[in-house]
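**Student:** Take this structure first; my questions come after.
Written as structure tokens, this is what we have:
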């Protein structure tokens, strides 16, 4: 049973806020899907996103998973709230090899102030199929209210 | 008492490996200092590294702190080891506002296989002084040996 | 598709090792189920396990979830390995109110040295049904080999 | 420069709240020191607190470090707030061998709602001296206000 969004315009808010995350554009990340409490992002392998062994840098993986978690959380927040990352923890399960990667986040619990999310990141091979997760994240997001100038 | 590096060439290895992290160059990050068990990296605020509210994206903060932890760990590893991130956890303490940011990592415990590191990230204001941490990280790094093609 | 255990005697090993965890007996925790890569533990609410507001102490929740993760990991390890916790991270989602609690852990990825697990902890109400998770954990376990005296 | 407590009665509140944590008494833990933003707890090695290899159970270490973090946070909260653990992450650095253990926590950042703390746990040998940390924790605590019946 999917959770009920507090704001029926949740998808437009998520997409507009994501579009303002300049760093996601820098990484080439884009939204794959938005549903209440669930957001997936895609990012392609690129040479300028790698670590020293030629795999995707753990920081890119964390960045995309963090954004996916943040927008999964925002999708359930009321229209007055902006979302901010409180903390996240990521386990890197395998070298990030693949042609692209999908970070899929879902809300585990949506509170009034804090929302806890989980995400995994799966590689896509040359055949286009998603493989086993190369990373998992557990994250806490916060709803900020009454901060002039801070929206979504 | 600083720890004794197992490889006297630790600084050259750290600098050469960092130079191969294309994603650090993409972010504009560079090495501020290398010492046994301690590495600091600097990254400037740039509009293309921001999240939706105009602050540095948490993913950039995590990426730079992760790299600093990885190289702090590598600085104490033997010459046969390559370093890989096992996991990290970051708490975002305040919005990442500043002209630049310094991620300072140190080894908490260097084991044969696993090394645990801690890092903080401090903003630099227009006066050039480092402020209070805007993020803290606790991370686990792994020494990989006998993996053909994987070095440092 | 459940993972294949490397040691067909995995269940006996898990049960014997758990029986040696004196602290689990101190908490009144017991094994609810053992399957390849999945272990569930139960613990009852008791007044001597509480924090200052009368709920189960977060430390008890973490302890039981950690043990469940450790034994989920051990269930897939070879017969030469002992299991040890490297690190874990727990999010407390709601006050731990209930008559008993079930910690359910599963292996996310089983490597030769490191195994990553996820767990949740659910309360049981007076009607006996399990409720929504009050905690989630992400944990890393390590296989120790060739340590005289350390088994399972 | 130690932080200024918002409530001059912080020490009495910490001690009274700790005295209500029945689980700490079950573990034999007691307060070693209370200062603004810093709390240390001691716990003795006991056979009924061990894991399968005879070391202190990681859950006991986490429980005591979590309580230390919670009270370090409470020491800086206003008199209207009760403290609750949001999440914590612990790295186990070495087997918990020793005659007793000291968990020392300090506030890294005290916000109005969330407080981030760091802790380490050090063993005491037969000579009475504290050794190198066997665990480090990074934790988030929350100030709860206006919850009838929830204090400190």
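Residue numbers (my numbering), protein chains in the order written: chain R, 787 to 938; chain W, 787 to 938; chain A, 787 to 938; chain D, 787 to 938.
Note that the Cβ used here is the ideal one computed from N, Cα and C, for glycine as well.
If you're wondering where the values come from, they're calculated on a predicted model, not measured in any experiment.
#1: Please classify residue 841/W: does DSSP put it in a helix, a strand, or coil?
#2: Go to residue 803/D, then tell me how far its alpha helix (DSSP H) extends in each direction, as first and last residue.
#3: Taking the C-alpha atoms as reference points, what is the distance between residue 817/A and residue 909/A?
#4: Answer with yes or no whether the minimum CB distance from residue 936/R to chain A is below 8 Å.
#5: What's the call for residue 823/W, buried or exposed, on a 16-neighbour Cβ count within 10 Å?
#6: According to DSSP, is residue 864/A part of a helix, a strand, or is it coil?
#7: Is the Cβ of residue 862/D closer than 8 Å to any Cβ of chain W?
#8: Can you list, in chain order, the residues of the segment 873-889 of chain W whose Cβ is nearer than 7 Å to any Cβ on chain R?
#9: Could you run through the segment 898-925 of chain D and flag, in chain order, every residue whose CB is less than 9 Å away from some CB of chain R?
#10: Over the uninterrupted alpha helix (DSSP H) stretch that includes residue 812/A, give me the two end residues.
#11: If we call anything under 8 Å between Cβ atoms a contact, is residue 848/A one with residue 845/D?
#12: What are the residues in the segment 792-817 of chain W lying within 7 Å of chain R by C-beta distance?
#13: Does the segment 922-934 of chain A come close enough to the segment 864-872 of chain A to have 3 or more Cβ pairs within less than 8 Å?
#14: Give me the Cβ distance between residue 877/W and residue 893/D, rounded to the nearest whole Å; I'm assuming they're in contact under 8 Å.
#15: For residue 884/D, count the other beta carbons within 10 Å of its own beta carbon; 16 or more makes it buried, fewer makes it exposed. Which is it?
#16: At the 8 Å Cβ level, is residue 895/R part of the contact set with chain A, yes or no?
#17: Check whether the segment 803-812 of chain W touches the segment 819-836 of chain R, taking contact to mean three or more Cβ pairs, one atom from each stretch, closer than 8 Å.
#18: So what does DSSP say about residue 817/D, is it helix, strand or coil?
#19: Less than 8 Å between CB atoms is the rule here; does residue 868/A satisfy it with respect to chain D?
#20: Going by beta-carbon coordinates alone, are residue 827/R and residue 889/R separated by less than 8 Å?
#21: Does the Cβ-Cβ distance between residue 886/A and residue 829/A come in under 8 Å?
#22: Go ahead and pull the three-state DSSP assignment for residue 916/R.
#23: Assuming contact is defined by CB atoms lying nearer than 8 Å, are residue 800/R and residue 861/R in contact in what I supplied?
#24: If we ignore side chains and look at the alpha-carbon of each, how far apart do residue 880/A and residue 918/A end up?
#25: Residue 827/W touches chain R at which residues, Cβ-Cβ below 8 Å?
#26: Taking all protein chains shown into account, do 16 or more other C-beta atoms lie within 10 angstroms of the C-beta of residue 803/W, making it buried, or fewer, making it exposed?
#27: Relative to the C-alpha of residue 932/W, which candidate in 867/W, 838/W, 789/W has its C-alpha closest?
#28: Are the CB atoms of residue 864/A and residue 806/A within a distance shorter than 8 Å?
#29: Which chain D residues are close to residue 932/A, counting only those with a beta carbon under 9 Å from its beta carbon?
#30: Would you list the one or two residues that DSSP bridges to residue 878/A?
#31: Taking the C-alpha atoms as reference points, what is the distance between residue 851/R and residue 896/A?
#32: Apart from the five residues on each side of it in sequence, which residues of its chain come closer than 6 Å, Cβ to Cβ, to residue 855/W?
#33: Does residue 848/W come within less than 8 Å of chain R when only Cβ atoms are used?
#34: Please say whether residue 936/A and residue 839/D have beta carbons closer to each other than 8 Å?
#35: Using the Cα positions of residue 789/W and residue 857/R, report the straight-line distance between them to the nearest angstrom.
**Tutor:** According to the data block:
#1: coil
#2: 796-805
#3: 16 Å
#4: no
#5: buried
#6: coil
#7: no
#8: 873, 874, 875, 876, 877, 878
#9: 899, 900, 902, 924
#10: 808-813
#11: yes
#12: 803, 806, 807, 808, 809, 812
#13: yes
#14: Going by Cβ atoms, the distance from residue 877/W to residue 893/D rounds to 12 Å, so no, they are not a contact pair.
#15: buried
#16: yes
#17: yes
#18: strand
#19: yes
#20: yes
#21: yes
#22: strand
#23: yes
#24: 9 Å
#25: Here the premise fails: no neighbours, minimum Cβ distance about 11 Å.
#26: buried
#27: 867/W
#28: no
#29: Those within 9 Å of residue 932/A in chain D number zero; the least Cβ separation is about 14 Å.
#30: 921/A
#31: 22 Å
#32: 891, 903, 905, 925
#33: yes
#34: yes
#35: 42 Å
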